[in-house]
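Mapping of the sequence shown onto our numbering: position 54 corresponds to residue 54, and the numbering continues sequentially without gaps. Just so you know, even glycine gets a beta-carbon here, dropped at the ideal spot from N, CA and C. Everything numeric in this text was worked out from a predicted model, so none of it was measured. Right, one structure below, let's go through it.
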Amino acid sequence: MALVDPKAQLGPGVKIGPFCVVGAEAKLAADVELGPHVVIEGRVELGPGVRVGPGAIIGTDPQDTKFKRSTVSGVRVGAGTVIREYVTIHRATKAEGFTEIGAGCLLMSTCHVGHDTRVGEGAIIVTEVAVGGHSEIGEYATVGGVSGLIQFSRVGAYAFIGGCAKIGRDVPPYIMADGNPCVAYGINVVGLRRAGMPPAERRVLQEAYRLLYRSGLAPGRALERIRTELPATSALTRLIEFIAAPSRRGIIPPKGGWRGSATESAEDLESGVV
């Protein structure tokens with residue numbers, strides 16, 4: 001009842017449901033489970049224990065008008081990830097590139113992960129989220145249902161984004177964000193507590209948030225103060241590196257916008273931190 005190419009590599013304990021289609025370049029590690037009507041096309045690597053729900057389609061061509069179908073690329077999914085009903089994950093546009101989903105992730109029903117995207121370990125992408133191509137979602141981040149990420153978006157580790165958000169700028173690590181357009185509301189204290197982050201380290205992040213979003217400073221100036229005034233914890237270092245990294249659009253603003261508390265300088269705009 002399923003169509004499995006003889007060249008596909010199937011590990012021990014693999015279960016393939018009725019009416020599935022598994023292509024010649026597929027690599028399914030031990031104990032992978034495919035529900036009914038799953039399509040695995042092209043160079044797709046599913047790690048041990050991955051579960052794929054009915055109707056999901058993994059490895060098809062990217063939705064990019066410049067893409068050449070002769071390009072060799074694929075999709076990698078880490079161990080223990082759960083991909084629910086009717087999820088779509090497209091292969092990368094770059095030669096020998098991969099769209100990558102980390103281990104232990106949960107991709108809920110009907111969400112879409114675009115080409116060349118990287119999703120970190122333990123991330124949760126809720127129902128009907130659309131992730132544009134070349135995006136990055138950090139480890140243990142959560143993106144709420146029916147939200148949209150435009151191409152080249154970045155969401156930092158442990159960030160929490162509410163439902164129906166329009167994400168047009170980068171969401172830094174540890175931030176709670178929501179809205180259309182998406183804005184910052186605070187530190188994801190509950191998520192960090194559940195993750196076992198010590199109270200002292202959470203307090204450092206809360207002070208960093210205050211400097212970044214509530215001090216009346218332009219983002220570039222706030223980042224300078226964060227670097228010089230706060231203890232260099234591992235979490236704070238990750239936050240600083242994310243904000244300082246090259247960006248196409250800069251980080252999300254606070255509610256009310258940057259201009260409500262500070263004037264953007266040319267230096268801030270050029271650095272990408274606005």
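Beta-bridge pairing of H90 - partner residues as DSSP gives them
Indexing the sequence shown from 1 puts residue 90 at position 90. Paired residue(s): T60.
Where does T228 fall in DSSP's three states?
Here residue 228 corresponds to residue number 228 of the sequence shown, with the count starting at 1. Three-state DSSP puts T228 in a helix.
Using a Cβ-Cβ cut-off of 6 angstroms (strictly less than) and excluding sequence neighbours within five positions of P231, which residues of its own chain qualify?
Taking the sequence shown and counting its residues from 1, one reaches residue 231 at position 231. For P231, where only same-chain residues beyond five positions count, the Cβ hits under 6 angstroms are V204.
Go through its chain and collect everything with a Cβ distance to V72's Cβ below 8 angstroms, but skip five positions before and after it.
As a working note, residue 72 is residue 72 in the sequence shown. Closer than 8 angstroms at the Cβ level, and outside the excluded window around V72, lie R43, A95 and E96.
Start-to-end residues for the beta strand (DSSP E) that takes in Y140:
Counting from 1 along the sequence shown, the entry for residue 140 is found at position 140. Careful: Y140 lies outside any beta strand (DSSP E) and carries neither H nor E.
Using the three-state DSSP reduction, which class does Y174 fall into: helix, strand or coil?
Here residue 174 refers to the residue found at position 174 of the sequence shown. Looking at Y174 - three-state DSSP - the assignment turns out to be coil, as it is neither helix nor strand.
Only counting the same chain, and skipping five residues up and downstream in sequence, which positions put a Cβ closer than 6 angstroms to that of I175?
Against the sequence shown, residue 175 aligns to sequence position 175. So the qualifying residues of the chain are A159 and A184.
Can you name, in chain order, every residue of its own chain whose Cβ lies under 8 angstroms from the Cβ of M1, other than the five neighbours on each side?
Stepping through the sequence shown from its first residue, residue 1 is reached at position 1. Cβ neighbours of M1 beyond the five flanking positions: P18 and F19.
Who are the near neighbours of A266 in its chain, counting only those whose CB is closer than 6 angstroms to its CB and skipping five residues on each side?
What you label residue 266 is simply residue 266 of the sequence shown in a count that begins at 1. Below a pLDDT of 50, predicted positions are generally treated as unreliable, and A266, at 37, falls in that range; no measurement from the model is reported.
Output the boundary residues of the alpha helix (DSSP H) element that contains Y185.
Position 185 of the sequence shown, counted from the start, is the residue given in the question as residue 185. Run containing Y185: none in the alpha helix (DSSP H); it sits in the beta strand (DSSP E), V183 to I187.
Element boundaries [alpha helix (DSSP H), containing I150]
Taking the sequence shown and counting its residues from 1, one reaches residue 150 at position 150. No alpha helix (DSSP H) holds I150; DSSP gives it neither H nor E.
Report the partner residues of Q206 according to the DSSP bridge assignment.
If you number the sequence shown from 1, residue 206 lands on position 206. Note: Q206 sits in no beta bridge, so no partner.
Taking the alpha-carbon positions, what's the V189 to R202 distance?
Numbered from its first residue, the sequence shown carries residue 189 at position 189. Numbered from its first residue, the sequence shown carries residue 202 at position 202. Answer to the nearest angstrom: the Cα atoms are 7 angstroms apart.
Could you tell me the alpha carbon to alpha carbon distance between G49 and I161, rounded to whole angstroms?
The sequence position of residue 49 within the sequence shown is 49, counting from 1. The sequence position of residue 161 within the sequence shown is 161, counting from 1. Those two C-alpha atoms are separated by around 27 angstroms.
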